[in-house]
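Just so you know, our numbering puts 167 at position 167 of the sequence shown, and the rest follows in order with no gaps.
Beta carbons: idealized from backbone N, C-alpha and C, even for Gly.
The model shown is predicted, which means the values in this text are computed figures rather than measured ones.
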Amino acid sequence: MRVLYLGANPRMQLSTHSAPGLRALGIKNGLEQAGFQFVPLMAGDQVNSQRARKIYLNRLKGQLPQKMTGSLRDVYEIYLDHRFYNFVKDRISDIQPDIILQKHSRYGRVGVRLGRRYNIPVFLDDITPVWEGERYSDRGLKRIARHIRKHLFSQASGLIAVSQEMEAQLQEEGVPGNKILYVPNGVDCDLFNPSTTSMEVRQKFDLEGKFVVGYVGGFQQWHRLDLLIQVASLLIEIVPNIHFILVGDDKDGRVRQMAREKALLDRFTFAGSVSHSEVPLFLASMDITILPSTLPYMSPMKIYEYLAMGKPVVAPNKNSIVETVVIPGQQGILFEAGDVTSMKNAIITLAINPGIRRKMGEEARKSVLNYYTWYHQVGDLITAFQSALISKGSYAVPFS
1 MRVLYLGANP RMQLSTHSAP GLRALGIKNG LEQAGFQFVP LMAGDQVNSQ RARKIYLNRL
61 KGQLPQKMTG SLRDVYEIYL DHRFYNFVKD RISDIQPDII LQKHSRYGRV GVRLGRRYNI
121 PVFLDDITPV WEGERYSDRG LKRIARHIRK HLFSQASGLI AVSQEMEAQL QEEGVPGNKI
181 LYVPNGVDCD LFNPSTTSME VRQKFDLEGK FVVGYVGGFQ QWHRLDLLIQ VASLLIEIVP
241 NIHFILVGDD KDGRVRQMAR EKALLDRFTF AGSVSHSEVP LFLASMDITI LPSTLPYMSP
301 MKIYEYLAMG KPVVAPNKNS IVETVVIPGQ QGILFEAGDV TSMKNAIITL AINPGIRRKM
361 GEEARKSVLN YYTWYHQVGD LITAFQSALI SKGSYAVPFS
């Protein structure tokens, strides 16, 4: 079976530089292990799209009112989507896909248009809430975006949610439950392997003899890295050798400044951005891993990577954590979301009990190998593909 994967958003590329790109690569690996052919076409890989976006960012943003720049961006993305449709249509006769899988985006109609034209089942992956673009991206044209969303959902064969929270939100929008697939994120257990050595990182950042609490990921405000600064101030007398290493891009220096204001810079290492292939080296240097917070509808990929490395996890007791990965007391400890004292107690428990850390790490690795590889995660997706092809019947439209 041949799957055509479409990334219609001009900011998305099939790479390890972003969570959507990592998810696409993970699905690719899982499907290929199951014997599928995976053919990706990404709007973000087109040079002209990237160049045009840079022009927008450099020349327009900051010079026009925010509402106007948001509307101009939306109009331009609608135009890019139409251009991407022609780009894919010109190549579809060579690809001849059985299934179209497209990363959901607000204006991404390419998959649905092609599916309708050629009678190909279309699945939209990683659906985001209707309000996300409006709340976080300051975009205009809300009415058009919502109309497109309704049209896409009615025409697609299946909608893929990465969390049960997102699944519930789709049902609240009126999407039938049998049209929704729950496919959370997964992990590459060959890359993220506990046998990875930590010596290089521990020596480079002077971590020897320290109890290292580590975080890997974005520095967006919803991750609440400010909580780590708060908890560090409570822990330094209880766990004298505690040290935090944060791997990711603190673009505006906000988190570093908070640590400086609390006179805690010596307790933090800001490692900066690293390539995805280097992440296991940093995780290997950590005694425990942490996720201060996450949005309720997400499926945090970093949690799977933490577990695959055999590291105990400290995370908030949010549904997106509990429903998929961490069983409290087995692979890690969950704290009351937003409660610094609860987070502190979880860290102390692991700091003073190396035996518990070891057992949790072993259970973490075992659970990932048994349930959370990408090969496991695409199982329901494969079943849905097969059902959609049976429902489609023998009617086909020539690729011309």
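Where does residue i fall in DSSP's three states?
i: residue 219; result: coil
i: residue 239; result: coil
i: residue 335; result: strand
i: residue 115; result: helix
i: residue 271; result: strand
i: residue 24; result: helix
i: residue 246; result: strand
i: residue 211; result: strand
i: residue 292; result: coil
i: residue 340; result: helix
i: residue 10; result: coil
i: residue 280; result: helix
i: residue 153; result: helix
i: residue 259; result: helix
i: residue 34; result: coil
i: residue 385; result: helix
i: residue 285; result: coil
i: residue 323; result: coil
i: residue 91; result: coil
i: residue 174; result: coil
i: residue 311; result: coil
i: residue 147; result: helix
i: residue 301; result: helix
i: residue 365; result: helix
Please list, in chain order, all residues of the same chain as residue i whose beta carbon is under 7 angstroms from its beta carbon, the five residues on each side excluded.
i: residue 373; result: 186, 187 and 189
i: residue 194; result: 309, 310 and 365
i: residue 239; result: 211, 348 and 351
i: residue 256; result: 250 and 270
Could you check if residue i is buried or exposed, using at least 16 other CB atoms within 10 Å of its CB as the buried criterion?
i: residue 47; result: Note that residue 47 scores a pLDDT of 48, beneath 50, so its modelled location is shaky; the value from the coordinates is reported in the next line. That one is exposed.
i: residue 403; result: Given a span of 1 to 400 for the chain in the structure shown, any question on residue 403 remains unanswerable.
i: residue 2; result: exposed
i: residue 277; result: exposed
i: residue 352; result: exposed
i: residue 391; result: exposed
i: residue 377; result: buried
i: residue 263; result: exposed
i: residue 184; result: buried
i: residue 21; result: buried
i: residue 336; result: exposed
i: residue 136; result: Note on residue 136: pLDDT 48, under 50, position unreliable in the model; the coordinate value appears next. Answer is exposed; the Cβ neighbour count stays below 16.
i: residue 275; result: exposed
i: residue 371; result: exposed
i: residue 354; result: exposed
i: residue 300; result: buried
i: residue 381; result: buried
i: residue 128; result: buried
i: residue 203; result: exposed
i: residue 23; result: buried
i: residue 174; result: exposed
i: residue 208; result: exposed
For residue i, which residues in the same chain have their Cβ closer than 8 angstroms to its Cβ, ignoring the five residues on either side in sequence?
i: residue 29; result: 188, 374 and 375
i: residue 200; result: 281
i: residue 85; result: 109, 110, 113 and 114
i: residue 284; result: 194, 196, 197, 198, 201 and 309
i: residue 224; result: 292, 293 and 338
i: residue 340; result: 227, 230, 231 and 234
i: residue 244; result: 212, 213, 214, 215, 228, 232, 267, 268 and 269
Keeping to the same chain, check which residues put their C-beta closer than 6 angstroms to that of residue i; ignore five residues upstream and five downstream.
i: residue 302; result: 216 and 217
i: residue 94; result: none
i: residue 111; result: 6, 100, 102 and 122
i: residue 287; result: 211 and 212
i: residue 124; result: 102, 104, 156 and 159
i: residue 305; result: 187 and 192
i: residue 342; result: 335 and 336
Identify every residue that forms a DSSP beta bridge with residue i.
i: residue 4; result: 39 and 100
i: residue 159; result: 124 and 180
i: residue 352; result: Bridge partners of residue 352: none, in fact.
i: residue 75; result: DSSP output for residue 75 lists no bridge partner at all.
i: residue 346; result: Paired residues: none, contrary to the question.
i: residue 316; result: 335
i: residue 373; result: 187
i: residue 328; result: 332
Query raised in the report: Counting Cβ pairs, one atom from each stretch, are 3 or more of them under 8 angstroms apart for the region 318-330 and the region 208-226?
Result: no
Query raised in the report: Quick one: any contact between the region 308-328 and the region 285-292, if contact means 3 or more CB pairs under 8 angstroms?
Result: yes
Query raised in the report: Are the region 140-155 and the region 255-275 touching, with three or more C-beta to C-beta distances below 8 angstroms?
Result: no
Query raised in the report: Counting pairs of Cβ atoms below 8 angstroms between the region 76-84 and the region 8-17, do you hit three or more?
Result: yes
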